[in-house]
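Undergrad: Per the numbering used here, the sequence shown starts with residue 114, numbered consecutively. First, the structure itself, so that you have it in front of you.
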Amino acid sequence: MASVELVKHNLNFCKCIYELSSAKPVKEALGLPDGSIDNTKEFIKSVIQEEQEGKTLSRVILDENSNVIGITTLMSINNEKKSCHVGTWIGFDYWGKGYNEASKIVILKIAFEDLGLEKVFAGARKINIRSQKAQEKLPFIRLYVENEFPEEHAVLEEKEKQSCVLHAFFKDDFINYLHGTNQAL
Numbered sequence: 114m115a116s117v118e119l120v121k122h123n124l125n126f127c128k129c130i131y132e133l134s135s136a137k138p139v140k141e142a143l144g145l146p147d148g149s150i151d152n153t154k155e156f157i158k159s160v161i162q163e164e165q166e167g168k169t170l171s172r173v174i175l176d177e178n179s180n181v182i183g184i185t186t187l188m189s190i191n192n193e194k195k196s197c198h199v200g201t202w203i204g205f206d207y208w209g210k211g212y213n214e215a216s217k218i219v220i221l222k223i224a225f226e227d228l229g230l231e232k233v234f235a236g237a238r239k240i241n242i243r244s245q246k247a248q249e250k251l252p253f254i255r256l257y258v259e260n261e262f263p264e265e266h267a268v269l270e271e272k273e274k275q276s277c278v279l280h281a282f283f284k285d286d287f288i289n290y291l292h293g294t295n296q297a298l
């Protein structure tokens with residue numbers, strides 16, 4: 114499996130994040146408008162601010178050679194419901210190399226162990242088949258939970274302004290997966 118490290122955002126990553134997110138396949142998958150380095154700096158500043166406010170926990174993904182390869186974020190953290198949403202994007206040159214699963218394992222350890230959450234939702238726009246396929250490959254995910262969590266599904270579709278699928282990671286499923294693969298939580 115690929116190996117990753119998750120690190121806090123800082124402006125030193127701005128150029129790499131801008132270049133990765135500006136690649137046409139990534140930009141289209143994320144539905145991003147044309148941007149600039151200045152837009153990326155503002156994005157990083159807003160992520161740092163939201164994290165300070167406890168709304169999100171976002172990390173830059175580094176590969177085994179310490180290259181910036183993407184971002185993974187726990188969003189809409191709700192301590193009462195013990196839940197949140199996760200979003201991850203990986204730079205185009207790193208697609209199909211196992212970095213999505215590796216980064217999900219690390220960010221879910223943070224969600225379940227450090228934050229004490231019980232479930233983490235993962236959505237995808239219905240037109241983003243690649244994202245859906247990447248999520249479907251994860252052995253510790255429950256697929257198509259829209260009917261179980263209609264409110265979460267509605268919030269996701271409102272945010273994305275289009276039809277989405279909703280999946281979820283549950284703490285017990287994740288811990289059982291890790292124990293089965295001998296990965297310590």
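C-beta atoms are modelled at their ideal positions from N, C-alpha and C, and glycine is treated no differently. Just so it is clear, the structure is predicted and the values come from calculations on it, not from any experiment.
At what residues does the alpha helix (DSSP H) containing K156 begin and finish?
TA: The question names Lys, yet the displayed sequence has Phe at residue 156. In the DSSP annotation of this structure, the continuous segment of the alpha helix (DSSP H) that includes F156 starts and ends at 150 to 165.
Undergrad: Buried or exposed: G183, going by 16 or more other Cβ atoms within 10 Å of its Cβ?
TA: buried
Undergrad: Can you tell me whether H292 is buried or exposed? The criterion is at least 16 other CB atoms within 10 Å of its CB, across all chains shown.
TA: Exposed.
Undergrad: Just to confirm, are A281 and V258 a CB contact at a threshold of 8 Å?
TA: For the pair A281 and V258, the CB atoms are nearer than the 8 Å cut-off.
Undergrad: Is V258 helix, strand or coil by DSSP?
TA: coil
Undergrad: Can V160 and H122 be called in contact, C-beta distance under 8 Å?
TA: Cβ distance < 8 Å, so V160 and H122 count as in contact.
Undergrad: Give me, in chain order, the residues of the same chain whose beta-carbon lies closer than 7 Å to that of V139; leave out the 5 immediate sequence neighbours on both sides.
TA: L133, W202, G204, F205
Undergrad: When burial is assigned at 16 or more other CB atoms within 10 Å of the CB, is R243 buried or exposed?
TA: By the neighbour-count criterion, in which 16 or more other beta carbons inside 10 Å mark a residue as buried, R243 falls on the exposed side.
Undergrad: Buried or exposed: where does E231 fall if 16 or more other Cβ atoms within 10 Å of its Cβ makes it buried?
TA: exposed
Undergrad: How about the segment 183 to 193 and the segment 211 to 221: do they share at least three Cβ pairs that are nearer than 8 Å?
TA: yes
Undergrad: Note down the Cα distance separating D151 from L124, rounded to an integer number of angstroms.
TA: 11 Å
Undergrad: Below 8 Å between beta carbons: does that hold for V117 and V173?
TA: no
Undergrad: In the DSSP output, what is F234 paired with across the bridge?
TA: H198, A281
Undergrad: Hey, C277 and R238 are a contact pair by Cβ (cut 8 Å); roughly how many whole angstroms apart?
TA: 5 Å
Undergrad: Taking the straight line between their C-alpha atoms, what separation do you get for K137 and L143?
TA: 10 Å
Undergrad: Could you work out which residue in D176, I190, V233 is closest to K210 when comparing CA atoms only?
TA: D176
Undergrad: Sorted by chain position, which residues of the same chain lie with C-beta nearer than 7 Å to L298's C-beta, five sequence neighbours on each side aside?
TA: Caution applies to L298, whose pLDDT of 49 falls short of 50 and renders its modelled position unreliable; the model cannot decide the point.
Undergrad: Could you please give me the residues that DSSP links to G183 through a beta bridge?
TA: I174, I203
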